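Only one structure is covered here, and it is reproduced in the block below.
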Amino acid sequence: MDVLRTISELRAWRRAARGKVALVPTMGYFHEGHLCLMRTARRAADVVLVSSFVNPIQFGPTEDLARYPRDLERDRALASDAGVDALFVPSAEEMYGQSHETFVYWPTMGNLLCGRTRPDHFRGVGTVVAKLFNLAFPHVATFGRKDGQQVLLLERMVRELNFDVEIVVCPTVREPDGLALSSRNALLSAADRIQALGIYAGLDAARAAILGGERRSAAIRNEMAQLMAKSPGLGVEYCEVVSRESLRAVDIIDHCSMIAVAGRVGTTRLLDNLWTMGADGDIRIEL
Ligand code: AMP
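Mapping to numbering that gives the first Met the number 0: the sequence shown position 208 is 207, numbers consecutive.
Now the structure itself:
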């Protein structure tokens, strides 16, 4: 596996790559969720490039950029075992130089859900992914459904800015007890981890309600609130039932809804969601 540190190394690697290229953008500290994206990329393309970059411009001034977990040696071994061909690990200086003035952002949808408390977050995500697309020219890029708002915004970016990239969305990989895998789980104490499970308990209650025929958002959110209240250490930042098209709240769920939850346990912020799929009369749930 090649380890590429500079833009010129990446461009040279890309010029030499033959066949279909898949890109897996990440912030590193790999877990089974990342590995699932890499294996999906492996199946979808001839050549797999993974980027590992803790992107400073998607963190707010008071957020956890400094304590975000990092371990390049471990990541290198895991990516190599997953059949990755090249790992791109640029420095912030390499990506942004001394100053940066050009951004991709979503003035409406980027300010909903997570955007309410993280005002520049999606602008940072959109900008770095657009740069990676322009550097790597992938045919395919894989993203996790776990970061639901992120992948929905990126699908729009691809459509509206005419990137010639197919976005593949991978299911959320979970611990056996339901907790969504996240690099930030490494920051949780054993006691925090138990509180963090409240998010999954809420979403699981939503799933049961929907499978039982409930379609009213208020009733579903009520069920979820009761479950999540059993985890007093979980500070729910939002729990919203939205349309995946607009990210706006809906009163009645249909086959294109998302129930998105963000919460804090101690100083660690966690996200999870549920998507409804299928036809109108026959709603399927992806959790
Ligand atoms: P991150 O390194 O957290 O920025 O995530 C990199 C990619 O992995 C994003 O597309 C995430 O949505 C995806 N990802 C993170 N956690 C999971 C998970 N538990 N299951 C599936 N994909 C995930």
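C-beta atoms are modelled at their ideal positions from N, C-alpha and C, and glycine is treated no differently. Since the structure is predicted, the reported quantities are computational estimates derived from the model, not experimental observations.
Annotation for residue 102 indicates a beta carbon at 7 Å or more from all heavy atoms of the ligand AMP. DSSP, reduced to helix, strand and coil, places residue 116 within a helical segment of the structure shown. By the CB criterion at 8 Å, residue 141 and residue 40 fall inside the cutoff. Annotation for residue 35: the continuous alpha helix (DSSP H) segment containing it runs 31 to 43.
Residue state for residue 282 is assigned as strand, using DSSP reduced to three classes. Beta-bridge pairing by DSSP links residue 95 to no other residue.
Between residue 27 and residue 45, the beta carbon gap of about 24 Å keeps them out of contact (Cβ cut-off 8 Å). For residue 199, the enclosing alpha helix (DSSP H) starts and ends at 189 to 210. About 13 Å separates the beta carbon of residue 57 from that of residue 99, a gap too long to meet the 8 Å contact definition. Ranked by how close their Cα comes to the Cα of residue 233, the residues 272, 7, 248, 266 have 266 in first place.
In terms of side-chain proximity, the C-beta atom of residue 180 is found nearer than 7 Å to a non-hydrogen atom of the ligand AMP. Contact annotation: the region 103 to 115 does not touch the region 54 to 73, with fewer than three C-beta pairs closer than 8 Å. Of the candidates 7, 183, 241, 241 places its Cα closest to the Cα of residue 217.
In this chain, residue 173 is not harboured by any alpha helix (DSSP H), its DSSP state being neither H nor E. Shown here, residue 6 sits in a helix according to DSSP, grouped into three states.
Between residue 50 and residue 131, the C-beta spacing is below 8 Å. The beta carbon of residue 254 sits no closer than 7 Å to any heavy atom of the ligand AMP. With contacts defined as CB atoms closer than 8 Å, residue 83 and residue 47 qualify as a contacting pair. Rounded to the nearest whole angstrom, the CA to CA distance from residue 235 to residue 202 is 13 Å. For the region 41 to 96, the continuous beta strand (DSSP E) assignments of 3+ residues that do not extend past its boundaries occur at 46 to 51, 85 to 87, in sequence order. Contact between residue 215 and residue 251 holds, since their C-beta atoms are separated by about 6 Å, short of 8 Å.
Here the alpha carbon of residue 171 sits roughly 13 Å from the alpha carbon of residue 148. Pairing residue 226 with residue 219, the inter-Cα distance amounts to about 11 Å. A direct Cα-to-Cα measurement between residue 93 and residue 6 gives close to 7 Å.
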